[in-house]
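Protein chains in written order, with my numbering: chain A, 3 to 68; chain B, 11 to 297.
This is how it looks when you write it as structure tokens:
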């Protein structure tokens with residue numbers, strides 16, 4: 003599957019099937035800091051991802067000044 | 011996504027943030043939180059306009075301004091704009107460098123000053139910001155690490171109007187960053203995805219990362235940390251805020267309430283603009 007990561011933007015190809023939780027774990031990404039979008043739909047940690055899927059892992063942490 | 015609207019409705023109710031017919035100005039950055047907040051308040055029926063502040067951070071400011079304008083046009087909402095380099099004489103990057111301040115410090119100072127000044131001049135009694143649960147928990151973490159009593163006294167979802175300051179509210183205080191990003195995806199709100207290039211490595215983001223590790227291992231930690239402070243501890247610091255406000259005097263340059271002869275923003279402007287500081291006339295510069 004093609005995986006797009008943000009901040010910084012980069013692309014990876016990863017073999018499926020795998021769960022969202024396992025994918026994030028393999029990339030050492032804290033689940034609390036991202037949302038995962040599969041084929042333009044939001045998915046939860048237990049969703050199984052397949053080779054044909056297009057995945058975006060979008061970082062949600064933002065902010066500097068208060 | 012009904013959940014997000016309900017959480018905002020609950021925050022507004024619990025902290026008595028708004029009356030039904032009150033005009034509200036939302037501080038808009040082009041990011042997920044402020045655009046989602048603007049959308050939610052509009053959906054809840056409030057008379058809500060936006061104010062975008064261009065910070066002069068090259069491509070990033072241009073891209074974020076485009077997101078704010080695009081959203082305002084799509085939703086038929088009114089957007090005011092201030093451009094820091096054009097209207098005030100310096101951008102955050104150059105201003106921070108000349109004044110020897112951290113960029114995030116110069117940015118925060120400029121935002122607080124100009125958003126308030128604009129709200130006063132344009133006649134909005136209330137300014138709403140997109141600070142969410144993660145933002146507030148991270149700020150509380152930093153304030154607690156330093157036991158900064160004055161900042162702890164000021165940390166509350168509502169700051170009442172006084173001494174030339176409009177009322178400030180944080181209606182997203184019950185919602186986390188993941189929820190705000192998800193809200194934007196579901197509602198097809200095009201927000202700026204890139205992080206501000208000036209924010210990399212700042213303490214606020216470090217605190218957020220630490221709290222996310224904690225939240226991952228112990229879900230609910232951030233909410234418990236913040237809301238137990240607000241419910242049980244904030245009142246212990248409240249007197250400090252009252253004393254602080256009673257000691258404010260008008261800035262000799264712009265008239266804003268300050269503890270010094272010249273307020274921190276005018277001092278920044280003086281340093282960044284080679285000794286010149288003039289009150290910013292916002293009404294002529296807002297589109």
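For glycine and all other residues, C-beta sits at the position ideal for the given N, C-alpha and C.
Keep in mind it's a predicted model, so treat the numbers as computed, not measured.
The CB of residue 183 (chain B) never comes closer than 7 angstroms to any CB in chain A; the least such distance is about 13 angstroms.
DSSP places residue 228 (chain B) outside both helix and strand once states are collapsed to three, so it counts as coil. Look at the stretch 157 to 188 of chain B and you find these whole runs of beta strand (DSSP E), each 3 residues long or longer: 177 to 179. Residue 267 (chain B) sits in a strand when the DSSP states are folded into three classes. Residues are counted here when their Cβ sits less than 8 angstroms from a Cβ of chain A; for the stretch 205 to 235 of chain B these are 205, 206, 208, 209, 212, 214, 215, 218, 219, 222, 223, 225 and 226, given in chain order.
Your pair residue 62 (chain A) and residue 188 (chain B) checks out as a contact, with CB atoms roughly 5 angstroms apart and the cut at 8 angstroms.
The beta carbon of residue 11 (chain B) is closer than 6 angstroms to those of 193 and 196 in its chain, skipping five residues each way along the sequence. At least 8 angstroms separates the CB of residue 4 (chain A) from every CB of chain B.
In the DSSP assignment, residue 4 (chain A) falls within the beta strand (DSSP E) that extends over 4 to 7. The shortest C-alpha to C-alpha distance from residue 52 (chain B) to any of B:255, B:181 and B:247 is the one to B:181.
With a cut-off of 8 angstroms on Cβ pairs, the stretch 249 to 268 of chain B is in contact with the stretch 156 to 167 of chain B, counting three or more such pairs. Segment contact: the stretch 20 to 29 of chain B against the stretch 27 to 43 of chain A, fewer than three CB-CB distances shorter than 8 angstroms; contact not assigned.
Uninterrupted beta strand (DSSP E) stretches at least 3 residues long and entirely within the stretch 132 to 161 of chain B occur at 136 to 138, given in chain order. Legend: CB atoms of the stretch 23 to 37 of chain A lying less than 8 angstroms from CB atoms of chain B belong to residues 32, 33, 34, 35, 36 and 37. In this structure, the beta-carbon distance from residue 94 (chain B) to residue 66 (chain B) falls below 8 angstroms. Judged by their CB atoms, residue 202 (chain B) and residue 40 (chain B) are nearer to each other than the 8 angstroms cut-off. Around the beta carbon of residue 176 (chain B), a 10 Å sphere encloses 16 or more other beta carbons of the protein chains shown; the residue is thus reported as buried. Listed as beta-bridge partners of residue 12 (chain A) by DSSP are A:7.
Taking 7 angstroms as the cut-off between beta carbons, the residues of the stretch 37 to 48 of chain A near chain B are 37, 39 and 44, in sequence order. Secondary structure at residue 281 (chain B): helix, using DSSP grouped into helix, strand and coil.
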